[in-house]
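Taking it in order: structure first as structure tokens, then the write-up.
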Amino acid sequence: MKTILLSGASGFIASNFRKQFHNEYRFILLSHTKNASSITLNELENNPELIRSIDIVINLAGANIGAKRWTTQRKQELLESRISTTKNLVSLFNEYNSEIHFISASAIGIYHPNQENKETESIDYSNYENFSQEITKKWETEALKFKGNLTITRLGVVLASNGGAFPQMLRPFLFGAGGKLGNGQQYFPWIALTDLLNALKHIIDNKLTGIYTLVAPELITNAELTKHIAQTWKRPAWFNLPQSVIRLIFGQMGQELFLNSIKISPDKLIASRFKFNYPSIAECLTAIKKQEF
């Protein structure tokens, strides 16, 4: 049984990965605070033998990017929570166990907004168009210092019934106030939680390295998402939140998370013969309504 070190272990994705595959891997949970089920980074640093026993690292550390308005202090917290952990883990495993498979999370915010993107395009890590690019580029820069087998996974918005962004997205519809954001034409890269978890296991099983964008193959706009949510839950979707109001309420976070259009496809994941259980938003939302995941 392979041993996985899981950072960000209390987070939404990590906790669900552990739950789904608890019979297939031995997990070591990395947390900021010591408790009965996890270890801290300091404890890991002081235990080279434990480091040498690890086969895989899944680095999911990072504060929730959409939880609070992006003040200067909050931006620093978001950067520090990702970069510090990644930097320390890379340093430790480069020194004591560079034979592992290091899988480090990133996000689709690294891509250019409002244009078509390709996974294979060269990234200029020194230039930031916005904060989403700054945080992902700095995050990936630290991961790329790992000397062994490295996979960077750029995640889209993860949809599920039991956590993540979707319960908050659904709430206005349940109260009859659902609708599109801005003009609704911005692309919305998404992935079902089940497919994300299976994609991570697929990467492990097939020892895939390099850059992988973990999004569903169906490209949809915010307007199309709005329509499908309304149809699935049989709720009206007449409301429209103008761009100016979104910027006023949420500031820079609202512009980048709600209004920027990121067009990207999971070409490499598809080429690796990964099979999506929920390739379309209609299938995904139906399963979420039934609370299948």
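Each residue of the sequence shown is one higher than the last, beginning at 32 in this note's numbering.
Ideal placement from N, C-alpha and C gives every residue a C-beta, glycine not left out.
Values in this document were obtained by computation on a predicted structure and should not be read as measured data.
>> Do residue 134 and residue 182 count as a contact pair if the criterion is CB distance below 7 Å?
In response: Here residue 182 refers to the residue found at position 151 of the sequence shown. Here residue 134 refers to the residue found at position 103 of the sequence shown. Closer than 7 Å, so yes.
> Is it true that the segment 212-230 meets the segment 160-174, where meeting means three or more beta-carbon pairs spaced less than 8 Å apart?
Replying inline: no
>> Assuming the contact rule is C-beta atoms closer than 8 Å, residue 131 and residue 185 should be a hit. Round their C-beta distance to whole Å, please.
In response: Numbered from 1 along the sequence shown, position 100 holds the residue referred to as residue 131. Numbered from 1 along the sequence shown, position 154 holds the residue referred to as residue 185. With 8 Å as the limit, residue 131 and residue 185 do not qualify as a contact, their Cβ atoms being about 21 Å apart.
> At what residue ranges does the segment 276-310 contain a whole run of the alpha helix (DSSP H), taking only runs of 4 or more?
Replying inline: 298-302
> Under three-state DSSP, which class holds residue 57?
Replying inline: Sequence index remark: in the sequence shown, residue 57 carries index 26 (1-based). Residue 57: strand per DSSP, three-state reduction.
> Less than 7 Å separating the beta-carbons of residue 217 and residue 253?
Replying inline: Here the question's residue 217 lines up with position 186 in the sequence shown. Here the question's residue 253 lines up with position 222 in the sequence shown. Cβ distance < 7 Å, so residue 217 and residue 253 count as in contact.
> DSSP three-state call for residue 25: helix, strand or coil?
Replying inline: One cannot answer for residue 25 here, as it falls past the ends of the chain, which runs 32 to 324.
>> Can you give me the C-alpha to C-alpha distance between residue 312 and residue 206, rounded to a whole angstrom?
In response: Here the question's residue 312 lines up with position 281 in the sequence shown. Here the question's residue 206 lines up with position 175 in the sequence shown. Distance between the alpha carbons of residue 312 and residue 206 is about 22 Å.
> Taking C-alpha atoms, which residue in 282, 80, 148 and 276 lies nearest to residue 250?
Replying inline: On the sequence shown, position 219 is the one that residue 250 refers to. Checking every option, the nearest Cα to that of residue 250 belongs to 148.
> Taking just the CA atoms, how far does residue 283 sit from residue 143?
Replying inline: Counted from its first residue, the sequence shown places residue 143 at position 112. Counted from its first residue, the sequence shown places residue 283 at position 252. When rounded, the distance between both Cα atoms is 16 Å.
> Nearest to residue 107 by CA position, among 117, 119 and 94, is which residue?
Replying inline: For the purposes of this step, residue 107 is taken as residue 76 along the sequence shown, with counting starting at 1. The shortest Cα separation from residue 107 among 117, 119 and 94 belongs to 94.
> With contact counted as at least three CB pairs below 8 Å, one residue from each stretch, are the segment 108-121 and the segment 297-310 in contact?
Replying inline: no
>> I'd like the span of the alpha helix (DSSP H) that includes residue 183, first residue to last.
In response: The residue given as residue 183 occupies position 152 in the sequence shown. Not the alpha helix (DSSP H): residue 183 falls in the beta strand (DSSP E), residues 180-186.
>> Rounded to whole angstroms, what is the Cα-Cα separation between residue 68 and residue 145?
In response: Indexing the sequence shown from 1 puts residue 68 at position 37. Indexing the sequence shown from 1 puts residue 145 at position 114. Going by the C-alpha atoms only, they are around 43 Å apart.
> Can the beta-carbon of residue 128 be found closer than 7 Å to that of residue 82?
Replying inline: If you number the sequence shown from 1, residue 128 lands on position 97. If you number the sequence shown from 1, residue 82 lands on position 51. Against a cut-off of 7 Å, the Cβ pair of residue 82 and residue 128 comes out as a contact.
> In the DSSP assignment, what residue or residues form a beta bridge with residue 136?
Replying inline: On the sequence shown, position 105 is the one that residue 136 refers to. The partner list for residue 136 (beta bridge, DSSP) reads 184.
> From which residue to which residue does the beta strand (DSSP E) around residue 227 run?
Replying inline: Stepping through the sequence shown from its first residue, residue 227 is reached at position 196. Unbroken run through residue 227 is the alpha helix (DSSP H), 224-236; no beta strand (DSSP E).
>> Taking 7 Å as the threshold (C-beta atoms), are residue 222 and residue 189 in contact?
In response: Numbered from its first residue, the sequence shown carries residue 189 at position 158. Numbered from its first residue, the sequence shown carries residue 222 at position 191. A contact, by the Cβ cut-off of 7 Å.
> How would you call residue 280, buried or exposed, if buried means at least 16 neighbouring beta carbons within 10 angstroms?
Replying inline: Taking the sequence shown and counting its residues from 1, the one referred to as residue 280 is at position 249. Exposed, since its Cβ has fewer than 16 Cβ neighbours within 10 Å.
> Which value, in whole angstroms, describes the spacing of the CA atoms of residue 62 and residue 187?
Replying inline: Here the question's residue 62 lines up with position 31 in the sequence shown. Here the question's residue 187 lines up with position 156 in the sequence shown. Each residue's Cα considered, the two are about 24 Å apart.
> How would you call residue 269, buried or exposed, if buried means at least 16 neighbouring beta carbons within 10 angstroms?
Replying inline: Looking up residue 269 in the sequence shown gives position 238. By the 10 Å Cβ count, residue 269 comes out exposed.
> DSSP puts residue 69 in a beta bridge; with which residues?
Replying inline: For the purposes of this step, residue 69 is taken as the residue at position 38 of the sequence shown. DSSP lists 66 as partners of residue 69.
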